[in-house]
Every structure is written in C-alpha cells, then in structure tokens.
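For the sequence shown, position 320 (counting from the first letter as 1) is numbered 320 according to the UniProt record's numbering, and the numbering increases by one without interruption. The beta-carbon is built from N, C-alpha and C at its ideal position, and this holds for glycine as well. All values derive from a computational prediction rather than experimental measurement.
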Amino acid sequence: MEGREDLKSILEYLPVVVRTWSLFWPSQVVEALKALARGPEHSGVHSGELLFSAISDLRCSLSLSSHPLPPSAPHGYALFFDELMSRAEARKWFGEVVPALANLLLRLPSLLELHYQNADALINGGRDGVKTGLRLLHSQEAGIVFLSQELISALLGCSLFCLFPINNRGAKHLPTINFDHLFTTLYDSYNEKQENKIRCIIHYFERISFHMPKGYVSFERKVLPLEHGPLSISYPKASFWSNSAIPLCRFEVHSSGFIENQSSGALEVDFANKYIGGGVLHRGCVQEEIRFMINPELIASMLFMPSMADNEAIEIIGAERFSNYTGYASSFRFSGDYVDKRDTDSLRRRKIRIIAIDALCSPGMRQYKQKLLLRENNKAFCGFFHQSKYQQYKRLFRESGCSGIQPHSDVKDSNDVYSNNLLSHGASITSVETCGGKSVHKVIRDSEEILSLDNEDDVGIATGNWGCGAFGGDPEVKTIIQWLAASQALRPFISYYTFGMKALQNLDQVTQWILSHEWTVGDLWNLLVEYSLQRLKGETNDGFFTWLLPSLLYP
Numbered sequence: 001m002e003g004r005e006d007l008k009s010i011l012e013y014l015p016v017v018v019r020t021w022s023l024f025w026p027s028q029v030v031e032a033l034k035a036l037a038r039g040p041e042h043s044g045v046h047s048g049e050l051l052f053s054a055i056s057d058l059r060c061s062l063s064l065s066s067h068p069l070p071p072s073a074p075h076g077y078a079l080f081f082d083e084l085m086s087r088a089e090a091r092k093w094f095g096e097v098v099p100a101l102a103n104l105l106l107r108l109p110s111l112l113e114l115h116y117q118n119a120d121a122l123i124n125g126g127r128d129g130v131k132t133g134l135r136l137l138h139s140q141e142a143g144i145v146f147l148s149q150e151l152i153s154a155l156l157g158c159s160l161f162c163l164f165p166i167n168n169r170g171a172k173h174l175p176t177i178n179f180d181h182l183f184t185t186l187y188d189s190y191n192e193k194q195e196n197k198i199r200c201i202i203h204y205f206e207r208i209s210f211h212m213p214k215g216y217v218s219f220e221r222k223v224l225p226l227e228h229g230p231l232s233i234s235y236p237k238a239s240f241w242s243n244s245a246i247p248l249c250r251f252e253v254h255s256s257g258f259i260e261n262q263s264s265g266a267l268e269v270d271f272a273n274k275y276i277g278g279g280v281l282h283r284g285c286v287q288e289e290i291r292f293m294i295n296p297e298l299i300a301s302m303l304f305m306p307s308m309a310d311n312e313a314i315e316i317i318g319a320e321r322f323s324n325y326t327g328y329a330s331s332f333r334f335s336g337d338y339v340d341k342r343d344t345d346s347l348r349r350r351k352i353r354i355i356a357i358d359a360l361c362s363p364g365m366r367q368y369k370q371k372l373l374l375r376e377n378n379k380a381f382c383g384f385f386h387q388s389k390y391q392q393y394k395r396l397f398r399e400s401g402c403s404g405i406q407p408h409s410d411v412k413d414s415n416d417v418y419s420n421n422l423l424s425h426g427a428s429i430t431s432v433e434t435c436g437g438k439s440v441h442k443v444i445r446d447s448e449e450i451l452s453l454d455n456e457d458d459v460g461i462a463t464g465n466w467g468c469g470a471f472g473g474d475p476e477v478k479t480i481i482q483w484l485a486a487s488q489a490l491r492p493f494i495s496y497y498t499f500g501m502k503a504l505q506n507l508d509q510v511t512q513w514i515l516s517h518e519w520t521v522g523d524l525w526n527l528l529v530e531y532s533l534q535r536l537k538g539e540t541n542d543g544f545f546t547w548l549l550p551s552l553l554y555p
C-alpha cells in the first residue's frame, strides 16, 4: 500500500484513515458499527430517527461535524423509515438490512486493501501496465477504474450513512456523493417520485444484504486529446467531418420501448449532466437520474469522477440493474424487483455498457452555430469511439490504397452543391470511389479482420432524444449528430428510441431514404451545416427533415 499514487489521490475523499499505509476505521467507529451489526436489540436503532442519531455519532467519530448535514436531513430519514415504510418493511430493514450493512462497512478497510493489492494485475496479469485502482480520474486524464460489486456496495453504504468527507470536493468539480440531500428534499418538498427514488436505493441495499453479487464494474474517462498525438484520434475540426467518406451505419427506429431494455448488447447512452449522475441525489428524476436509481452501482462514479469537459465522456460497464419502474419525472414509481440476466464478460462485468455524454443545456438558436454543432458531434464521437481501434482505423484506409479521408469526388464547393437544397428534389450523392477503385462502403464491409478487436465489432449504439427535453435541443438535429458520430466511430448500427416524440414521427422514413442513397458522413454533415446556417439567417423555419426532403415527406 505504501507509496501508491492512486490511493493518495482519493484518500482525502474516503472516510477511512491510514497509518503506516494500513487502512482502518477509528476505534469509536468500529464499536458503533459492531453495535449496529448486532441488531436493534443491542444497538437500540429501530427507527429512522434513531438511525440518523447513529449516523450523526459516526460522523462525529470521523471528525465530520465541521460540515453539518442540512437541518431537514434527520426529518427526511424519520419520514421515510418511520412513516412511509410499512411496519413489516421497517422490521426487516432495521432487523436484517442495517446489521448487514454495518458488517459490510466494518469490512471496508480490508475490501479496499484487497482492491489495491489486485488492481495492477487485473488486466492481462498486469503485463499491459493498465492501472485500474480507485483514484481520482482527473479531467483530461484518460483512465479506467475497476471496482468489485462488493466494494461498491460498501462505498454506497457509506453514502447512505453520509460518511464521505466533502472537503474540497467542490474545488475538484466532484458531484455530491452522500445521500443527505436525497432525504432532505423528501422532507422539504415531499412528492411521490422522490419517495420512489429512495425506494429503489433501499431495495438495492436489501438485495445485496441477502445476496452479495461477485462481479466487477469498470469506470472509464474517455478523452479526445486537444493536441494531435501519434496513438489516438484527437479532437476533430470541422474539416474532419466535412471530408469524411465513412458510410453511414444502419439505423433502427423504435417508437416504443426503452434504451435499458434493449437486448442487442449495444452501448446505451446516458443523457448526462456534465457532473455525472446529475440530480440523482437531489430532486432530479429524468433519464440519467432514473438510470442511476435502477442501476445504483452507477452512483459510485460520483465519488471519483470530476465533471466532464467538452472533449470527454464516461463509459461504465457492468453496473447491474436491481429495480423495475414505471413513469418518468413526476410520475416515476418503483415497481418491484428486477433480476438482471445479462451475461458477463471475461473480466466478470455484466454486459451492460453505458456511455455518459453531456449535451449543451438550453442552447436556443446558438445550437445551429457550426462551433456548437462541432461540439455536440465531437462529444458524441468521444463517447462512441474506441481509442483502442485507432490503429485499425488508420489501417482501414492505408491498406485499401486510400490516401486518407477525402472529400466526396462530386463535392467541389459544398456551398455550390447544397445551397439550392438539390436533394429535396431527389438528387442523390453516391459513395466516393477513391480506395483502389472500391467504394468506402465496400472497403469497410470487407474489413472484418481490421475492425475486429475485443469482440466489440458488433456493439452498436442504443440511444434516444439526447440533449432534448429538459436540455432544449433540436431533436432532429441531435438525431443526425448521433448518427454521424456513431458512423464515424465505426459502430455497426444505431437503435434509436423516439419515446413517441412527434418531431421524430418520420425518422424511419428519412433515415431509410438516406441509407438507400449511400451517403457518407461528410455528405450528411455538410447538409446539416448548410441547414443550420439557413436557420441562423432566418431563411428557413422548417425542421431538418422537412428542409431536407420536402417532396418525400409532403408529396
């Protein structure tokens, strides 16, 4: 343990203390947890009010009293456990779950020590030098952390008991991690969705108390470097997109259903806040917050992931789902247990791949400026692209005789080609043939060996109205942006869930028409830029689909 830089970076944000590089709880904390572990007959903790009193004592023993919890926090704990819980539920919670959680917290120091002992050898026995230990994953530093589900459960137990120090978290741009505000808002402005958010969390603790899962979850900060480097794709400029001859990937439209229920093994998009988790531990209850409630292990990312910059995304693999739910926002309701049956990979992670990308918030007309179109395209591309495929990405063009990603042969001046919106009258743009006489479509279809890496070539994107809704983005533009990013990232398909949005009622018709004409990423990007320029100038108020294909949609 001595001299570990990963542990040093996170230590001030953990509740345990270290001496001669051994982790432990202060003796008063050990005694208090042992009392809780023996059950309510010994500890006297059989109500929400007394639970909060025990939490306060633990915090005092950890010298956390200098940062007091909100005044309404004790009332929130009492409201939930003493009034909203049934008597039978409360007996089970205080008689069985709380003692199990106390035993789990007693083991936190040893779980952390075991974690650090194994962290350097987790990937290929350490031969690749990949560091996976728990640490702050700072902004602009790509990296990955692997945590066992058991360690995550202990960390979330600390969140429930509000044991994490909050000193300097704001200075490091770290989100909330303790659960005090979750209960405070329940009391200050009661509503059913807040109660049901807590019910999801409580159900998770009940499940892991009776059967501890034994897998792993990985948390990766993905970065598109702002400076060009020899081994990675850097943050693309507009010309990168304008000149791309990559073909558009398959597009599947689902007018019903939910991203989290997809069964194709796709990478599932979290419509994230730049602070991972958004308002999950406050009042928030939209797409990201709901996902964090039904897959609570995602909350662990909030301990060590500072906010995302424009060139960053966060990918989480293996977070198990524990709860069913109905509704959305104010109508959200916990609806019982969910048994996650997804397979695990060679690293014992469930094949649940989630990518957190944050869209522009309330962009208004600014979203049509090329700079912000580029920001959104690159944000999605950062999330969807595997930097591990960089060499394959380069070889795809070099080995096929391509000089690089070149503009479409028909495109001399994009303004000349697109200014009159010729495509709305049925004109088509075909794929470029600059790669040894073969179209790029054919090159990519013939390149299974090149694209094969870690069995990821069949992993598409499952997404929906990212950056729309509360964030106020244009749903037609955001749809196209995600399609461009997924295609450029060499993903085989997008499964798009419209959630019944009226603006996307013609999405399937539009995307299939585009695919039938074999457009490239560059073709579609240039049209999107031209449309956006016309929106900014007030030359059109039509949606992108109508502007693009009026004769198809309104014959």
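CB of residue i within 7 Å of CB of residue j, strictly
i	j	result
A359	G467	yes
Y531	F545	no
K274	M302	no
E320	D340	yes
P296	T184	no
I480	F251	no
R221	I314	yes
V477	S244	no
P306	S159	no
F471	C382	no
A32	L58	yes
Q488	I246	yes
residue 563	L137	The requested residue 563 is not part of the displayed model; the chain covers only 1 to 555.
S72	D180	no
Proximity to residue i [Cα-Cα], best of the options
i	options	result
H226	R375, K502, T185 and T540	This sequence places Leu at residue 226; His is not what is there. Closest by alpha carbon: R375.
Q28	L62, L11 and F52	L62
H517	E260, Y554 and L248	L248
A119	R135, S139 and F334	R135
E150	Y204, A171, A142 and G126	Y204
F334	A90, C285 and R107	C285
F210	N103, V45 and R59	N103
K8	F304, F179 and Q482	F304
C162	D542, V223, Y13 and I354	Y13
A380	I354, R366 and G364	I354
N324	H115, R19, D270 and F292	F292
S346	G125, A272, H386 and A100	G125
R491	V510, S255, S264 and L106	S264
G336	L106, I202, S255 and N167	I202
A100	L504, S153 and L11	S153
Residues near residue i in its chain [Cβ-Cβ closer than 7 Å; skip 5 each side]
i	result
P175	Y275, I276, G277 and M302
L23	V16, P109, L112 and E113
L84	E195
C186	According to the sequence shown, residue 186 is Leu rather than Cys. Here the set comprises G76, L79, F80, Q194, E195 and I198.
A486	C249, F384, I461 and I494
N368	This sequence places Tyr at residue 368; Asn is not what is there. So the qualifying residues of the chain are S532, R535 and L536.
L155	A300 and L303
F499	G464 and N465
S424	Unreliable positioning characterises S424 in this predicted model, as indicated by a pLDDT of 30, which lies under 50. The coordinate reading is nonetheless provided below. Counting only Cβ-Cβ distances below 7 Å, and skipping sequence neighbours, we find L548, L549, P550 and S551.
Neighbourhood of residue i by C-beta, 6 Å cutoff - its chain only, sequence neighbours within 5 removed
i	result
D343	K351
K442	Confidence at K442 is low in this model, with a pLDDT of 41, below 50, so its placement is unreliable and no value can be given for it.
F146	L122, T132, Y216 and S218
A462	I259, Q262, A266, E268 and S495
V253	Y496, L507 and D508
S419	Because S419 sits at a pLDDT of 30, beneath the cut-off of 50, its placement in the model cannot be relied upon, and the point is left open.
F52	P74 and Y77
Residue span of the alpha helix (DSSP H) that contains residue i, given as start and end
i	result
K351	Where K351 is concerned, there is no enclosing alpha helix (DSSP H), given that its DSSP letter is neither H nor E.
residue 558	Shown here, the chain extends from 1 to 555; a query on residue 558 therefore has no answer.
T184	D180 to D188
K371	Q370 to F384
T520	Premise fails: T520 is in no alpha helix (DSSP H) and is neither H nor E.
Span of the beta strand (DSSP E), counted from its first residue to its last, around residue i
i	result
S22	S22 to F24
L267	L267 to A272
R333	R333 to D337
L62	Unbroken run through L62: none, as it is neither H nor E.
E83	Note, E83: premise wrong, no beta strand (DSSP E); not H, not E.
A462	I461 to T463
N324	S323 to T326
Cut-off 8 Å between Cβ atoms - residues of its own chain near residue i, not counting five sequence neighbours on either side
i	result
W513	L549 and L552
D413	With a pLDDT of 34 at D413, under the threshold of 50, the modelled position of that residue is not reliable, and no figure is offered here.
S65	R59
R524	Inspection of the sequence shows that residue 524 is occupied by Leu rather than by Arg. L248, I480, W483, L484 and I514, listed in sequence order.
Say whether the segment 230-239 touches the segment 323-337, bearing in mind that this needs 3 or more beta-carbon pairs closer than 8 Å, one atom from each stretch.
no
Does the segment 522-540 come close enough to the segment 277-288 that 3 or more CB-CB pairs lie under 8 Å?
Cβ pair count under 8 Å is below three, so no.
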